[in-house]
Amino acid sequence: MNIQAEKKVCCITGAAHRIGACIAQKFHQQGFNVIIHYNRSADAAALLVSQLNQLRSNSAVALQADLNDTQQMKTLASRILDQYQRLDVLVNNASSFYPTPLGEATQAQWDELIGSNLRAAFFLSQDLSAELIRRQGAIVNIADTHADKPLLNYSIYSIAKAGLKAMTKSLANELAPSVRVNAVSPGAIIWPAALEDAQAPSVLSIREKILQQIPLGKLGEPEHIADTVYFLASEASYITGQTIRVDGGR
Numbered sequence: 004m005n006i007q008a009e010k011k012v013c014c015i016t017g018a019a020h021r022i023g024a025c026i027a028q029k030f031h032q033q034g035f036n037v038i039i040h041y042n043r044s045a046d047a048a049a050l051l052v053s054q055l056n057q058l059r060s061n062s063a064v065a066l067q068a069d070l071n072d073t074q075q076m077k078t079l080a081s082r083i084l085d086q087y088q089r090l091d092v093l094v095n096n097a098s099s100f101y102p103t104p105l106g107e108a109t110q111a112q113w114d115e116l117i118g119s120n121l122r123a124a125f126f127l128s129q130d131l132s133a134e135l136i137r138r139q140g141a142i143v144n145i146a147d148t149h150a151d152k153p154l155l156n157y158s159i160y161s162i163a164k165a166g167l168k169a170m171t172k173s174l175a176n177e178l179a180p181s182v183r184v185n186a187v188s189p190g191a192i193i194w195p196a197a198l199e200d201a202q203a204p205s206v207l208s209i210r211e212k213i214l215q216q217i218p219l220g221k222l223g224e225p226e227h228i229a230d231t232v233y234f235l236a237s238e239a240s241y242i243t244g245q246t247i248r249v250d251g252g253r
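So this is what it looks like as structure tokens:
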């Protein structure tokens, strides 16, 4: 008997760092083998895989692919299934994020933001659906609070995340009753790079305004997202087609 093949497997896209890495660590802690997809963050992905494999041998692998490249994405699906000969959970976390002010947005920006946030999630889910059906598995998509309240100057990103919410409902219907499909919509979890300097008065002012909009009065932690993803994937046996907001009540 192949012991590794008997362990459940979770693949997380865009999992080399930040929230994606935290999700990978959560599933690993729960006994899953994990497949960590990355695009450019090779060093971070390799370090995370090394750390996880030190805890449990041959329990983590990293796979590189540009999700905006159709052929690389199709190849990725095959490589995912080759690693442990099974897949139980797919977490579509990979995302590009940058401003596209109206009047300045380009077709290339549209293609990249829609591609990484929505198109890749759909086609990867489609390509892996047969295995997920066979395993009675789950898909969890990482949406965004801006799917409901678009962020000024980030129209294409907000549109893509709104599409991901709609895709969650659609695939929940398409893949029922074998595969449950849900989404997690993070609020303010990690300060973006522009707000990392806690000493700058202007940054402190913006931070305070954001915190005032959160009833719980504080920033969330990546673990809050990871815990919700794990709940939806492994414990919420009668929940599908839902997007759960993890935003401190914002």
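Quick note, the sequence shown lines up with residues 4 to 253 if you use the numbering used here. Yeah, the Cβ is synthetic: ideal placement off N, Cα and C, and Gly gets one too.
Residues near residue i by beta carbon distance below 6 Å, same chain, minus five either side
| i | result |
| --- | --- |
| residue 10 | 36 |
| residue 229 | 25, 26 and 29 |
| residue 5 | Low per-residue confidence applies at residue 5: pLDDT is 49, beneath 50, and the placement is therefore not dependable enough to give any value. |
| residue 161 | 149, 153 and 154 |
| residue 233 | 29 |
| residue 99 | 115, 116 and 119 |
| residue 13 | 30, 35, 37 and 92 |
| residue 227 | 249 |
| residue 57 | none |
Cutoff 8 Å; reference residue i; Cβ partners in own chain excluding five residues on either side
| i | result |
| --- | --- |
| residue 220 | 214 and 251 |
| residue 239 | 183 and 185 |
| residue 159 | 103, 108, 112, 113, 116 and 117 |
| residue 67 | 40, 41, 42, 45 and 48 |
| residue 136 | 178, 181 and 182 |
| residue 123 | 16, 70, 71, 76, 95 and 97 |
| residue 34 | 10 and 11 |
| residue 253 | 148, 190, 191, 216, 217 and 218 |
| residue 231 | 187, 247 and 249 |
| residue 237 | 33, 92 and 141 |
Supposed close pair residue i, residue j - CB separation, criterion 8 Å
| i | j | result |
| --- | --- | --- |
| residue 225 | residue 22 | 5 Å |
| residue 133 | residue 150 | The pair is not a contact, with the Cβ atoms about 28 Å apart (cut-off 8 Å). |
| residue 59 | residue 91 | Actually they do not touch by this definition, with Cβ atoms about 17 Å apart. |
| residue 55 | residue 63 | 4 Å |
| residue 148 | residue 119 | Residue 148 to residue 119, Cβ: 18 Å. No contact. |
| residue 222 | residue 192 | 7 Å |
Contact under 8 Å by Cβ, residue i with residue j
| i | j | result |
| --- | --- | --- |
| residue 243 | residue 175 | yes |
| residue 40 | residue 16 | yes |
| residue 127 | residue 95 | yes |
| residue 171 | residue 78 | no |
| residue 190 | residue 249 | yes |
| residue 155 | residue 83 | no |
| residue 93 | residue 121 | no |
Beta-ladder partner(s) of residue i, from DSSP
| i | result |
| --- | --- |
| residue 141 | 92 and 183 |
| residue 103 | Per DSSP, none; premise fails for residue 103. |
| residue 248 | 188 |
| residue 15 | 39 and 94 |
Any non-hydrogen atom of the ligand ZN within 7 Å of residue i CB
| i | result |
| --- | --- |
| residue 59 | Annotation note on the ligand ZN: not contained in the displayed structure, which lists no ligands. |
Sequence-distant residues of its chain with Cβ nearer than 7 Å to residue i (five each side left out)
| i | result |
| --- | --- |
| residue 49 | 65 |
| residue 86 | 38 and 64 |
| residue 105 | 158 |
| residue 125 | 170 |
| residue 80 | 127, 130 and 131 |
| residue 20 | 44 and 47 |
| residue 163 | 116, 117, 120 and 121 |
| residue 51 | 19, 24, 27 and 39 |
Counting only runs that start and end within the stretch 167-212, where is the beta strand (DSSP E) found for 3 or more residues in a row? 183-189
Which runs of the alpha helix (DSSP H) spanning at least 4 residues fall entirely within the stretch 214-243, listed in chain order? 225-233
Which runs of the beta strand (DSSP E) at least 3 residues long sit entirely within the stretch 111-156? Give them in chain order. 141-145
Which runs of the beta strand (DSSP E), 3 residues or longer, sit entirely within the stretch 17-78? 36-41 and 63-67
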